[in-house]
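Numbering (our numbering), first residue to last: -12 to 140.
We put the beta carbon where it would ideally sit given N, CA and C, even for glycine.
Report on one structure; see the data block that follows.
What follows is the structure, given as structure tokens:
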């Protein structure tokens, strides 16, 4: 996740798979253009090219490409976790007082940031596990912000 805003009153983190989404869009446009060119040339093979070549990546894009955003709001006293795909939107709001800290959940050589609550199970901030130092940096940013927030109240 990337830190979008880090203020004493608000921390916003976001994750969007731009590379995968962009690759799927290029595939959709290329297959649609090739299929339409075949159709214009009178080839019936253009129709399955458009339907399958553009339809399958479009379906993957609609179902799998997900934007995640986490908003820690000191004024409202809440943390809001938003997940949006092309077809659905999910929103979970939790009181900041219930948040213990952020952790990194590891799986093999990959990890993802999670929130630990006093009264609820651990909540993953993103569904996908990734390699690299990003999940740890995200958890560190959240924990630093939470420490500063708790000192100010």
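Starting from residue i, follow the alpha helix (DSSP H) in both directions and report where the run begins and ends.
{"i": "residue 50", "result": "42 to 51"}
{"i": "residue 125", "result": "121 to 139"}
With the cut-off set at 7 Å, would you say residue i and residue j are in Cβ contact?
{"i": "residue 76", "j": "residue 94", "result": "no"}
{"i": "residue 58", "j": "residue -1", "result": "yes"}
{"i": "residue 41", "j": "residue 74", "result": "no"}
{"i": "residue 87", "j": "residue 71", "result": "no"}
{"i": "residue 91", "j": "residue 126", "result": "yes"}
{"i": "residue -9", "j": "residue 1", "result": "yes"}
{"i": "residue 26", "j": "residue 33", "result": "yes"}
{"i": "residue 19", "j": "residue 37", "result": "yes"}
Determine the extent of the beta strand (DSSP E) in which residue i is found, giving its start and end residues.
{"i": "residue 76", "result": "76 to 82"}
{"i": "residue 32", "result": "Careful: residue 32 lies outside any beta strand (DSSP E) and carries neither H nor E."}
{"i": "residue 98", "result": "97 to 104"}
With which residues is residue i paired in a DSSP beta bridge?
{"i": "residue 0", "result": "-10 and 57"}
{"i": "residue 87", "result": "Paired residue(s): none; residue 87 is not in a bridge."}
{"i": "residue 66", "result": "59 and 81"}
{"i": "residue 93", "result": "98"}
{"i": "residue 111", "result": "101"}
{"i": "residue 117", "result": "98"}
Express the C-alpha separation of residue j and residue i in angstroms, rounding to a whole number.
{"i": "residue 137", "j": "residue 52", "result": "35 Å"}
{"i": "residue 17", "j": "residue 89", "result": "42 Å"}
{"i": "residue 21", "j": "residue 100", "result": "41 Å"}
{"i": "residue 167", "j": "residue 114", "result": "Nothing about residue 167 can be reported from this structure: the residues present for the chain run from -12 to 140 only."}
{"i": "residue 85", "j": "residue 56", "result": "19 Å"}
{"i": "residue 123", "j": "residue -5", "result": "21 Å"}
{"i": "residue 110", "j": "residue 43", "result": "31 Å"}
{"i": "residue 105", "j": "residue 6", "result": "36 Å"}
{"i": "residue 102", "j": "residue 45", "result": "32 Å"}
{"i": "residue 30", "j": "residue 8", "result": "30 Å"}
{"i": "residue 135", "j": "residue 112", "result": "21 Å"}
{"i": "residue -11", "j": "residue -3", "result": "14 Å"}
Checklist entry - Is the number of C-beta pairs between the segment 8 to 23 and the segment 77 to 84 that are closer than 8 Å three or more? => result No: fewer than three Cβ pairs fall under 8 Å.
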